[in-house]
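Here the structure is laid out as structure tokens; the discussion comes afterwards.
There are 2 protein chains.
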Amino acid sequence: MQTSREPVTSGVVDSQAIDLRAVQSQVDAVLDGFLAGKACAAAGRGHPPEVVQTVRDFLAAGGKRIRAQLCVVGWHAAGGQGDATSALRVAAALELFVAFALIHDDIMDDSARRRGRPAVHRALRARLGADERAERLGAGGALLVGNLALMWAQELLHTAQLEPGRQRLVHGLFDAMLEEVMYGQYLDVMGTGCGADDVEAALRIIRYKTAGATVERPLQLGAAVAGAGAAEMEVLTRLGLPLGEAFQLRDDLLDVFGGPDGVCAPGSGDLREGKRTVLLALGLRRAGRVERERLVRLVGRADLAERGAAEARRILRDTGARERTEQMITSRYEEVLQVLDGAGFPQAVDRALRDLAVTATRYTS
Amino acid sequence: MQTSREPVTSGVVDSQAIDLRAVQSQVDAVLDGFLAGKACAAAGRGHPPEVVQTVRDFLAAGGKRIRAQLCVVGWHAAGGQGDATSALRVAAALELFVAFALIHDDIMDDSARRRGRPAVHRALRARLGADERAERLGAGGALLVGNLALMWAQELLHTAQLEPGRQRLVHGLFDAMLEEVMYGQYLDVMGTGCGADDVEAALRIIRYKTAGATVERPLQLGAAVAGAGAAEMEVLTRLGLPLGEAFQLRDDLLDVFGGPDGVCAPGSGDLREGKRTVLLALGLRRAGRVERERLVRLVGRADLAERGAAEARRILRDTGARERTEQMITSRYEEVLQVLDGAGFPQAVDRALRDLAVTATRYTS
Chain P
447 MQTSREPVTS GVVDSQAIDL RAVQSQVDAV LDGFLAGKAC AAAGRGHPPE VVQTVRDFLA
507 AGGKRIRAQL CVVGWHAAGG QGDATSALRV AAALELFVAF ALIHDDIMDD SARRRGRPAV
567 HRALRARLGA DERAERLGAG GALLVGNLAL MWAQELLHTA QLEPGRQRLV HGLFDAMLEE
627 VMYGQYLDVM GTGCGADDVE AALRIIRYKT AGATVERPLQ LGAAVAGAGA AEMEVLTRLG
687 LPLGEAFQLR DDLLDVFGGP DGVCAPGSGD LREGKRTVLL ALGLRRAGRV ERERLVRLVG
747 RADLAERGAA EARRILRDTG ARERTEQMIT SRYEEVLQVL DGAGFPQAVD RALRDLAVTA
807 TRYTS
Chain C
447 MQTSREPVTS GVVDSQAIDL RAVQSQVDAV LDGFLAGKAC AAAGRGHPPE VVQTVRDFLA
507 AGGKRIRAQL CVVGWHAAGG QGDATSALRV AAALELFVAF ALIHDDIMDD SARRRGRPAV
567 HRALRARLGA DERAERLGAG GALLVGNLAL MWAQELLHTA QLEPGRQRLV HGLFDAMLEE
627 VMYGQYLDVM GTGCGADDVE AALRIIRYKT AGATVERPLQ LGAAVAGAGA AEMEVLTRLG
687 LPLGEAFQLR DDLLDVFGGP DGVCAPGSGD LREGKRTVLL ALGLRRAGRV ERERLVRLVG
747 RADLAERGAA EARRILRDTG ARERTEQMIT SRYEEVLQVL DGAGFPQAVD RALRDLAVTA
807 TRYTS
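In order, the protein sequence lines correspond to chains P and C. Quick note on the working numbering: the first sequence kicks off at 447 and runs consecutively. Quick note on the working numbering: the second sequence kicks off at 447 and runs consecutively.
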């Protein structure tokens, strides 16, 4: 098992390529080691073992560790090489942050499943059996497990053995990221005060809730570990924001329409939940009166059946909302390529970022 | 307004006394300055202003800042003097942590009120008006506001301008405290697997959920800012744990019976919620079959009326559970005095701790 004491080089196999799959394994090894320590400490103190186990299961159930990979790529982009221990620890912190955010998201939306398993609050509810308070207590338990994942993310940063200046930079970026995501979620939950057909408002939610935390901040956090300056950080922002937005726009399309090649089945999670996506805003904006009223009536219904979902899909297609979303992804992807053309990154970094850009804008989950 | 840049001496007016009231104002000034910065940043970025305002209102509504005071006393106990900026920042972080914990607690218990106002999730629910999803969304909004309070607590620590060794110590203590509280809450919410009459289990919840975070960790955090060693930390543990337990036992008594001199009215929050207090465990353990069954039937009912609450109170009194809880407080208070007698703290520190011990074991809220 990987501990933070042994120096670990990152997945750069040669100057031409970064082995992203190897990075993923290394990050998982850091998470395994850290959580094994937590399990051991919990056993020694009589804490319930299922808390750590729940976090482990959540991580084991899936996730492509794309933020962790971006963090290590950002580290290389800023000249990081040799011992990658600190970069991997920060990368692992990002994955615990994702676990926190998703566990809390699922409570807020009362989602039934996540990564092919029951969502954490549903699993804890089931564990409580016939207790009439099971729904409330299960949500409470999941809230606390999510909180612990966030606290452990911070603990990973606090013990990343960074030199003080870089630690300050890492903390500043991480704290800014957390705040952005919370504000984005807050707008999402409590409403923007704008209509559901407000494309700009929907884009603003994406910008805060996803774009920064998915691509820009992970890249910058890795770069901060390598001691990047303001100019390097700015390039990563110019690259990260459009890529993060494209990532989310693709995610929204996949949720409603499934993958174009049948890899993902179309679902109706976002439609049922009435998620204020750019796709939906475009559909509402472009629809005629009758179809618009129909769409308003269909989305946000917890009991939306497949027939209703199919009708919503048809409206989103016929109005051109789907097509327009595809165009928005393409223009962002092209913007990313343009930034990469001018960035002058080492070849291995450039190639890894181009690969990640394709992955993020084509298939995500 | 106090900013973190100007050196601030703490509330020590002379070698004989620490002015705890002055400490409270200084901590509030740090919080005001920090949150004013957050409000300003939110305005600049188009974030909804009500998030910062909600946290400010929560802090303004009350709270005695006892943890913040203990932090500054701990700093003095370990020889801290002169510029108290860092100690006050850590103290302020503790108060934001308390805000986080209470906001989340109120969601989990669906408490109606806190500090004389509607609980945050209830206030946000009301703001959403007739929306049928208002209950779920209000809870979601409060969850996010609570998360931000926690994140801002960490940010206060990250920017406390501590020298690296002390910062590591402060982070280690803070992270340990957060983890303990979450585990304690988890036991509280999901059950200990032991009966509600298990006094030891109820004490274990107190130990994790309250005793550390209320007294021990705040004292140690302040001491860490002053660079305390292991021996000093250990004295603060021996002092802090019994005082923290006494504090919680008193809080439980006040919730059910009110203050002995009528300062607090008896409520029935803990009884309605079925909170697994030591008081309740003692009552169940000591009651005969009939009264035990009666007590089981009464507690944990959201619709418990004053008549039922009065009956539960009578059983808790008649079984001697109330009296036994009083004895447990007294023995812990005496333990605290004994530790203080041998601790050899400077006179001002000793006096402040004796004052806080009286406050914490007599009247709390």
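Yeah, the Cβ is synthetic: ideal placement off N, Cα and C, and Gly gets one too. All of these numbers come straight from a predicted model, not from anything done at the bench.
A straight line joining the alpha-carbon of Val745 (chain C) with that of Ile553 (chain C) spans about 20 Å. Taking a beta-carbon distance threshold of 8 Å, Arg650 (chain P) counts as an interface residue toward chain C. Chain P places no beta carbon closer than 8 Å to that of His567 (chain C), leaving this residue out of the contacts.
Counting only runs that start and end inside the stretch 740-794 of chain C, the alpha helix (DSSP H) elements of at least 4 residues fall at 752-764, 767-789.
Out of P:Gly788, P:Ala767, P:Pro664, the CA that lies nearest to the CA of Leu802 (chain P) is found in P:Pro664. Between the beta-carbon of Gly525 (chain P) and that of Gly668 (chain P) there is about 11 Å, and that puts the pair past the 8 Å contact cut. The beta-carbon separation of Val473 (chain C) and Glu541 (chain C), rounded to 6 Å, stays under the 8 Å limit for a contact. In the DSSP assignment, Val536 (chain P) falls within the alpha helix (DSSP H) that extends over 531-555.
With respect to the 8 Å criterion, Leu695 (chain C) and Arg718 (chain C) are not classified as neighbours on the basis of their beta carbons.
With contact defined as three or more Cβ pairs closer than 8 Å, the stretch 600-608 of chain P and the stretch 559-574 of chain P are not in contact.
Positions of the alpha helix (DSSP H) runs, each at least 4 residues long and wholly inside the stretch 485-523 of chain C, are given as 496-506, 512-523 in order along the chain. In terms of beta-carbon proximity, Leu726 (chain P) stays away from the interface with chain C, with every pair separated by 8 Å or more.
Among the residues of chain C, those whose CB is under 8 Å from the CB of Gly492 (chain P) are Arg650, following chain order. For Glu601 (chain C), at least one C-beta of chain P is nearer than 8 Å to its own C-beta.
A buried status is given to Glu737 (chain C), since no fewer than 16 other beta-carbon atoms sit within 10 Å of its beta-carbon. In the DSSP annotation of this structure, the continuous segment of the alpha helix (DSSP H) that includes Pro610 (chain P) starts and ends at 610-636. Taking each of P:Ala537, P:Ala733, P:Val498, P:Leu699 in turn and checking the Cα distance to Ser471 (chain P), the smallest one comes out for P:Ala537. Rounded to the nearest whole angstrom, the CA to CA distance from Thr723 (chain C) to Val497 (chain P) is 22 Å. Here Ala670 (chain C) carries a helix assignment [DSSP, helix/strand/coil].
Between the stretch 628-640 of chain C and the stretch 561-568 of chain C, the count of Cβ pairs shorter than 8 Å is below three; the stretches do not touch. Under the three-state reduction of DSSP, Pro564 (chain C) is assigned to strand. Taking every protein chain shown into account, the CB of Gly586 (chain P) has 16 or more other CB atoms within 10 angstroms, so this residue is buried. Secondary-structure assignment with DSSP links Arg582 (chain P) through no beta bridge to anything.
Secondary structure at Arg559 (chain C): strand, using DSSP grouped into helix, strand and coil. Residues of chain C with a Cβ closer than 7 Å to the Cβ of Val498 (chain P) do not exist; the shortest Cβ-Cβ separation is about 10 Å. A contact is defined here as three or more CB-CB pairs under 8 Å, and the stretch 680-688 of chain C meets this definition with respect to the stretch 770-789 of chain C.
For the 8 Å CB-CB criterion, Met623 (chain P) and Gly658 (chain P) form a contact.
Cβ neighbours of Val702 (chain P) within its own chain (closer than 7 Å, five residues either side excluded): Pro712, Asp716, Leu717, Leu725, Arg759, Leu762. Setting aside the 5 residues that flank it on each side, Ala733 (chain C) is surrounded in the same chain by Leu741, Ile761, Thr765, each with a C-beta closer than 7 Å to its C-beta; the list follows chain order. Here Leu516 (chain C) is not near Val616 (chain C), since their CB atoms are 8 Å or more apart. Spatial neighbours of Leu633 (chain C) in its own chain (CB-CB distance under 6 Å, excluding positions within 5 residues in sequence) are listed in chain order as Ile651. A Cβ of chain P is located within less than 8 Å of the beta carbon of Glu625 (chain C). Interface criterion not met: the Cβ of Asp764 (chain C) is under 8 Å from no Cβ in chain P. Excluding five sequence positions before and after Arg513 (chain P), the CB atoms of its chain that fall closer than 7 Å to its own CB belong to Leu540, Glu541, Val544, Thr660, Pro664, given in chain order.
Ranked by Cα distance from Glu625 (chain C), the options C:Ala547, C:Glu680, C:Leu786 are led by C:Ala547.
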